[in-house]
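As they're listed, the protein sequences go chains A and B.
So for the first sequence, full-length UniProt numbering puts the first residue at 1; every next one is plus one.
So for the second sequence, full-length UniProt numbering puts the first residue at 1; every next one is plus one.
All residues carry an ideal CB built from backbone N, CA and C; glycine is no exception.
Note that the structure is a prediction, hence the values are computed from the model and not measured.
Taking it in order: structure first as structure tokens, then the write-up.
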Amino acid sequence: MAQEWSEEHDKVLKVGSPVSAIMQTESDGKAACAVSGRSLSEPARFAYAGVCALSLAQLFPEKEQRTFCTQYVEGLVQWLDLSTSVLPAMVAFSSGLGGEGTETFTKMLMEDSVLKSNPAVITQDLVSFCLREGYYDARSRVLISHVSWLLRIPPDVMEVCEESLLQSLKQYTDEPSESEQESRRKKASRKKLKRYLLIGLATVGGGTVIGLTGGLAAPFVAAGAATIIGSAGAAALGSTAGIAIMASLFGAAGAGLTGYKMKKRVGAIEEFEFLPLTGGRQLHITIAITGWLSTGKYGSFVAPWHSLLHSAEQYCLAWESKYLMELGNALDALLNGIMNIVAQEALKFTVLSGIVTALTWPASLLTVASVIDNPWGVCLSRSAEVGKHLAQILLTRQQGKRPVTLIGFSLGARVIYFCLQELAQEAGSEGIIEDVVLLGAPVEGDVKKWKLLTRVVAGRIINGYCRGDWLLSFVYRSSSVKLNVAGLQPITLDDRRMVNVDLSSVVNGHLDYMKQMDTILKAVGIKTTEEQVHPLYQPQPRTTDEPHDILPCDSDHDALDTSWNWDPVTSTEPQDPPTCQDCTPEPGTKDQGPQEASRPACNTCSSAKGAMIPCADCTNNNDTGQNSQRDTTRQRHKIKEQ
Amino acid sequence: MEEDILTTLKILIIGESGVGKSSLLLRFTDDTFDPELAATIGVDFKVKTIAVDGNRAKLAIWDTAGQERFRTLTPSYYRGAQGVILVYDVTRRDTFAKLDNWLNELETYCTRNDIVKMLVGNKIDKENREVDRNEGLKFARKHSMLFIEASAKTRDGVQCAFEELVEKIIQTPGLWESESDGKGVRLSSEDGARGGACGGYCSML
Numbered sequence: 001m002a003q004e005w006s007e008e009h010d011k012v013l014k015v016g017s018p019v020s021a022i023m024q025t026e027s028d029g030k031a032a033c034a035v036s037g038r039s040l041s042e043p044a045r046f047a048y049a050g051v052c053a054l055s056l057a058q059l060f061p062e063k064e065q066r067t068f069c070t071q072y073v074e075g076l077v078q079w080l081d082l083s084t085s086v087l088p089a090m091v092a093f094s095s096g097l098g099g100e101g102t103e104t105f106t107k108m109l110m111e112d113s114v115l116k117s118n119p120a121v122i123t124q125d126l127v128s129f130c131l132r133e134g135y136y137d138a139r140s141r142v143l144i145s146h147v148s149w150l151l152r153i154p155p156d157v158m159e160v161c162e163e164s165l166l167q168s169l170k171q172y173t174d175e176p177s178e179s180e181q182e183s184r185r186k187k188a189s190r191k192k193l194k195r196y197l198l199i200g201l202a203t204v205g206g207g208t209v210i211g212l213t214g215g216l217a218a219p220f221v222a223a224g225a226a227t228i229i230g231s232a233g234a235a236a237l238g239s240t241a242g243i244a245i246m247a248s249l250f251g252a253a254g255a256g257l258t259g260y261k262m263k264k265r266v267g268a269i270e271e272f273e274f275l276p277l278t279g280g281r282q283l284h285i286t287i288a289i290t291g292w293l294s295t296g297k298y299g300s301f302v303a304p305w306h307s308l309l310h311s312a313e314q315y316c317l318a319w320e321s322k323y324l325m326e327l328g329n330a331l332d333a334l335l336n337g338i339m340n341i342v343a344q345e346a347l348k349f350t351v352l353s354g355i356v357t358a359l360t361w362p363a364s365l366l367t368v369a370s371v372i373d374n375p376w377g378v379c380l381s382r383s384a385e386v387g388k389h390l391a392q393i394l395l396t397r398q399q400g401k402r403p404v405t406l407i408g409f410s411l412g413a414r415v416i417y418f419c420l421q422e423l424a425q426e427a428g429s430e431g432i433i434e435d436v437v438l439l440g441a442p443v444e445g446d447v448k449k450w451k452l453l454t455r456v457v458a459g460r461i462i463n464g465y466c467r468g469d470w471l472l473s474f475v476y477r478s479s480s481v482k483l484n485v486a487g488l489q490p491i492t493l494d495d496r497r498m499v500n501v502d503l504s505s506v507v508n509g510h511l512d513y514m515k516q517m518d519t520i521l522k523a524v525g526i527k528t529t530e531e532q533v534h535p536l537y538q539p540q541p542r543t544t545d546e547p548h549d550i551l552p553c554d555s556d557h558d559a560l561d562t563s564w565n566w567d568p569v570t571s572t573e574p575q576d577p578p579t580c581q582d583c584t585p586e587p588g589t590k591d592q593g594p595q596e597a598s599r600p601a602c603n604t605c606s607s608a609k610g611a612m613i614p615c616a617d618c619t620n621n622n623d624t625g626q627n628s629q630r631d632t633t634r635q636r637h638k639i640k641e642q
Numbered sequence: 001m002e003e004d005i006l007t008t009l010k011i012l013i014i015g016e017s018g019v020g021k022s023s024l025l026l027r028f029t030d031d032t033f034d035p036e037l038a039a040t041i042g043v044d045f046k047v048k049t050i051a052v053d054g055n056r057a058k059l060a061i062w063d064t065a066g067q068e069r070f071r072t073l074t075p076s077y078y079r080g081a082q083g084v085i086l087v088y089d090v091t092r093r094d095t096f097a098k099l100d101n102w103l104n105e106l107e108t109y110c111t112r113n114d115i116v117k118m119l120v121g122n123k124i125d126k127e128n129r130e131v132d133r134n135e136g137l138k139f140a141r142k143h144s145m146l147f148i149e150a151s152a153k154t155r156d157g158v159q160c161a162f163e164e165l166v167e168k169i170i171q172t173p174g175l176w177e178s179e180s181d182g183k184g185v186r187l188s189s190e191d192g193a194r195g196g197a198c199g200g201y202c203s204m205l
């Protein structure tokens, strides 16, 4: 069905006339806020395509991604009305040659007369370009955020662009109801919105499309000014294409993931359903997967994720509640009933010190084993099955053709891991998954296995681990992979995607993954409800009566520069004690480079506020690829020295 | 086939707008000539393998745009280049006079000082010559460059220009071996799996 849509849409696109939507200056003389990419000067367009091509080479250097990169570059050259004679150079860029040029290109783009005042034009244009065929590839999204980052555009601008483009596309699908129209009319009478109408009508080419969007979509969007950005993008896509694009992006079935019901029992799976977490609609979705259920506060699948707000459209996977509940009860009984604190501490010490062998188990451990082993074992095998099933659903695009972020803890992380492993075995599974977050994952940490995942994950693979998770290390006691469990240690995979986050200071035991989810999400850099109000949307003191103008235009851009933070958000709650075993500087790691020292704070040991102790484990693989490379080199040196 | 390639060399072609940089390259790589060739946008890229003294070398040739509006893009291509071809038009004295500027730019942006430079006086097939051969030769000698006069249209000297340049690069010790031997710290464990050009340069600087 979706296939048909996109094919039909292809035809439409070819007929659709290119619209150069040039927003005219506003009455107060502010700079134009939206210009389509192809209206830039030729050198700027060349640099724009060049930056994208070079970024592709940097982000996706793997051989299997080559086709995507080449196609992307070819499409972009066409999109920007560049002569085909630049193709050889662009293809060379995208295959990793001429990487020295990135800086020159970005510098040139930022000095361009149009882009200087509003670099977000690039982000907006890229979003429109990536969506032109109704297929939002996760790799495209990663590229957009990388290019935006290179151009020092705040990360939220991308979301705003997506949102406004979506709003302007939306009108083709759902007809607003009477009451909605009424409320819109009321709002439209406000002074600010009149301006949008005027701007919209003044637009060249896009005509009615933009006129409508400029006025009607504004009430929807948090930052009203963003509408203007997106409307240009929508106009560039051509109005008739709207329906096809919407259908393709959100899944032709319409109902999307919540409409998915397991038609028959698949393998050993008894329950598999998507529950909506947040009811919005967005161009990327997040699926959260719970690791176990317990009675009381955390009795439902959605409970741990109450603060998650990584995207407006989020789902929670409900799976095998019967067995997860059993497991949860066993865990509760274990930690609150059978054993007292002293016994737990003793057990923790025993397990973590690594002296556990079958012969020397103390009696208390045997009790633990009898309680936990059976439900754990059942859930372990079921989570793998569920993961494989999830992969099949994602492959058939029940979620629509848009990027997916997967977040899960404990057995939920195991579901994700097996989902990714399954995807990695399938053809054409690239570009579905954007980011994955595995917290306390009971899976093996074999680098070779994890290497396979890089093909299907476009963005980051975040492994949140806790060295002191005795429960996890205990349940793996008899397994051969015991010494190499992802949830207990960093994965030493040398890839820009791999991000290891030491959660030892946040998580004291395996159960904390559920209880401390809020803090954990912040520590690994996943958006939560607390950050919903971004500085971008907040009126700044300088702009007196027109709060909407704080879109990165003119001087406002500088102000924004200081307000964003690329590092994962650090914890706000003071944790005690603020020390984690990984942060005490070891003798060998004292001579850290200046790079590390100047970093704001160690991301993972987020609670240790102000403590600038860089530790080899935490800095490993964090942030940019460069850092991770540097770190790996150092580690290698260390090994040599030894 | 890939195995007997000695090395990959990065060659850069620079010069004023309209002197025939792209035509020279087109003649060299495709053996064609287009009198109506459009101005280069940004930069062009071509690959050609040639044999010099029994050694096969793969040339990655970056043909820059001469137009002023693309001038800001050029500097980034100087980095890591082993050879540069500086072209002027023998029928336009102004293109010859600007050579000093180009050499200055080369000095400024080039990362190595032993880069091999070749001066090419193009369009010798034309009647209205303004720059004498001796003038070009003198200039080249003064700046220790190789020199040749050529015509992309008639094929004269084109092949020779590239061959001589490559020969000279291969004869210059330390100019090209570093690429394959990797004096710098290798950052990736998978040898050569990830283009690595960027990292390689960083480590050597």
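B/R56: member of the beta strand (DSSP E) spanning N55 to T64, first to last residue. The beta carbon of B/I11 is closer than 6 Å to those of L59, I61 and G83 in its chain, skipping five residues each way along the sequence. Contact note: A/T106 does not reach chain B at a C-beta cutoff of 8 Å; the least C-beta distance is about 11 Å. Annotation for B/A161: the continuous alpha helix (DSSP H) segment containing it runs V158 to Q171. Judged by DSSP in its simplified three-state form, B/W176 adopts coil rather than helix or strand.
Along the segment 83-100 of chain A, going in chain order, the ones with a CB nearer than 9 Å to a CB of chain B are S83, S85, V86, P88, A89, M90, V91, A92, F93, S95, G96, L97, G98, G99 and E100. Counting the other CB atoms within 10 Å of its CB gives A/N374 a total below 16, which places it among the exposed residues. Note that the segment 118-127 of chain A touches the segment 143-159 of chain A; at least 3 beta-carbon pairs, one per stretch, sit closer than 8 Å. Contact between A/E103 and B/S76 holds, with the beta-carbon distance rounding to 7 Å and staying under 8 Å. In this structure, A/A138 keeps its C-beta atom at 8 Å or more from the C-beta atom of A/E422.
The continuous alpha helix (DSSP H) containing B/L103 extends over residues L99 to Y109. If you draw a straight line from the Cα of A/N484 to the Cα of A/G445, it is about 5 Å long. Between B/V90 and B/V131, the gap from beta carbon to beta carbon is short of 8 Å. Assignment of A/A441 by DSSP, reduced to helix, strand and coil, places it in the coil class. Fully contained in the segment 69-157 of chain B are the following alpha helix (DSSP H) runs of length 4 or more, in chain order: 75-78, 93-97, 99-109 and 133-142. Judged by DSSP in its simplified three-state form, B/E16 adopts coil rather than helix or strand. As computed with DSSP, B/I5 is found in a beta bridge with B/R56.
Where A/T405 is concerned, the enclosing beta strand (DSSP E) starts and stops at V404 to F409.
At least one CB atom of chain B sits nearer than 8 Å to the CB of A/P43. The criterion of a C-beta distance shorter than 8 Å is satisfied by B/L99 and B/F139. Boundaries cannot be given for A/P490, as no beta strand (DSSP E) includes it and DSSP labels it neither H nor E. Taking each of A/R455, A/K401, A/G440 and A/K522 in turn and checking the Cα distance to A/A427, the smallest one comes out for A/R455. Ranked by Cα distance from A/F274, the first of A/S294, A/S307, A/L293 and A/Y315 is A/Y315.
With a threshold of 8 Å between beta carbons, B/T72 makes contact with chain A. Taken through DSSP and simplified to helix, strand or coil, B/A51 comes out as strand. Cα atoms of A/L452 and A/I461: separation of roughly 12 Å, rounded to the nearest angstrom.
Cβ-Cβ separation between A/G468 and A/S504: approximately 6 Å, consistent with a contact (criterion under 8 Å). Contact of B/A60 with chain A by beta-carbon distance below 7 Å involves L97.
DSSP, reduced to helix, strand and coil, places A/E62 outside both helices and strands of the structure shown, so it counts as coil.
For the segment 69-95 of chain B, the set of positions with a beta-carbon nearer than 8 Å to some beta-carbon of chain A reads R69, F70, T72, L73, P75, S76, Y77, R79 and G80 in chain order.
Ranked by Cα distance from B/L137, the options B/R129, B/E149 and B/N128 are led by B/E149. Assigned with DSSP and collapsed to three states, A/Y135 falls in coil, not helix or strand. A/L166 places its beta carbon less than 8 Å from that of A/L283.
Beta-bridge analysis with DSSP links A/W319 to A/F272. One alpha carbon belongs to B/L146, the other to B/L9, and they sit about 17 Å apart.
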